[in-house]
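Taking it in order: structure first as structure tokens, then the write-up.
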Amino acid sequence: MAERIFTLDDLTSVRSVCGCLTCKLSAVFADHLTDLRTGYPGTVTPLGHRGAAPGTTAVPHFLTVRVGDAHVDIVVWEEMRPDQLRAWLPAAEARARLPQLAARIPLLVRIRQALRAGTFTPSGPTGATLASGGRYPSFRFLVEHWPQIKKEFTP
Ligand SMILES: [Zn+2]
Numbered sequence: 149m150a151e152r153i154f155t156l157d158d159l160t161s162v163r164s165v166c167g168c169l170t171c172k173l174s175a176v177f178a179d180h181l182t183d184l185r186t187g188y189p190g191t192v193t194p195l196g197h198r199g200a201a202p203g204t205t206a207v208p209h210f211l212t213v214r215v216g217d218a219h220v221d222i223v224v225w226e227e228m229r230p231d232q233l234r235a236w237l238p239a240a241e242a243r244a245r246l247p248q249l250a251a252r253i254p255l256l257v258r259i260r261q262a263l264r265a266g267t268f269t270p271s272g273p274t275g276a277t278l279a280s281g282g283r284y285p286s287f288r289f290l291v292e293h294w295p296q297i298k299k300e301f302t303p
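Quick note, our numbering runs 148 ahead of the 1-based positions in the sequence shown.
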């Protein structure tokens, strides 16, 4: 599935408790995920400005927002219970990497920008999957393919 590119016009009809840009985009993205996900237990919970509740995980998502001719990366956060996290990211070794990568957002944004600009192309199945348009460099994709991306990307 191709990546959805959001625009600021997407913000006009969304319901959000907080009116700030991040919360509005979080609400837009939560609606998008709700429409997209199958077999996900419970509802999509944007984190907003609070910290993740005890026993839950804060999961970042990258959104691409088109502003004029530019594509801008924005991060929104979702709170997941353990069963939700397992449903979203079934591979245990990928889940184990999540906290480490969630703490490296600036690096991941640089990787997304390099992929978009064509200055970085992973080799093998990872690159082929992106080239086919079957996946896009979502946070989940980066976590799943991190060992190879880390090896090949030069910051
Ligand atoms: Zn807010």
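Note that CB positions come from ideal geometry on N, CA and C, so glycine has one too. Just so you know, these numbers come straight off a predicted model, no measurement behind them.
CA nearest to the CA of residue i, picked from the options
{"i": "Ala-244", "options": "Leu-255, Pro-254, Asp-217, Pro-230", "result": "Pro-230"}
{"i": "His-180", "options": "Pro-189, Thr-205, Glu-151", "result": "Glu-151"}
{"i": "Thr-155", "options": "Val-215, Ile-253, Gly-199", "result": "Val-215"}
{"i": "Met-228", "options": "Ile-222, His-209, Asp-221", "result": "His-209"}
{"i": "Trp-236", "options": "Asp-217, Arg-252, Thr-205", "result": "Thr-205"}
{"i": "Val-207", "options": "Lys-298, Thr-277, Phe-287", "result": "Phe-287"}
{"i": "Phe-301", "options": "Arg-258, Phe-289, Leu-278, Leu-169", "result": "Arg-258"}
Where residue i falls: helix, strand or coil (DSSP)
{"i": "Val-213", "result": "strand"}
{"i": "Pro-247", "result": "helix"}
{"i": "Pro-238", "result": "coil"}
{"i": "Thr-302", "result": "coil"}
{"i": "Pro-270", "result": "coil"}
{"i": "His-180", "result": "helix"}
{"i": "Cys-166", "result": "coil"}
{"i": "Ala-200", "result": "coil"}
Beta-carbon gap between residue i and residue j smaller than 8 Å
{"i": "Leu-211", "j": "Val-224", "result": "yes"}
{"i": "Tyr-188", "j": "Gln-232", "result": "yes"}
{"i": "Arg-264", "j": "His-219", "result": "yes"}
{"i": "Leu-256", "j": "Leu-278", "result": "no"}
{"i": "Cys-171", "j": "Ser-161", "result": "no"}
Residues that DSSP places opposite residue i in a beta bridge
{"i": "Pro-194", "result": "Glu-226"}
{"i": "Ala-218", "result": "Val-215"}
{"i": "Val-207", "result": "Glu-226"}
{"i": "Thr-155", "result": "Arg-214"}
Assigned exposure category for residue i - 16 Cβ within 10 Å defines buried
{"i": "Thr-274", "result": "buried"}
{"i": "Pro-285", "result": "buried"}
{"i": "Leu-195", "result": "buried"}
{"i": "Ile-297", "result": "buried"}
{"i": "Arg-260", "result": "buried"}
{"i": "Leu-184", "result": "exposed"}
{"i": "Leu-169", "result": "exposed"}
Any C-beta of chain B under 8 Å from that of residue i
{"i": "Cys-168", "result": "Annotation note: the requested chain B is absent from the structure, which comprises a single protein chain."}
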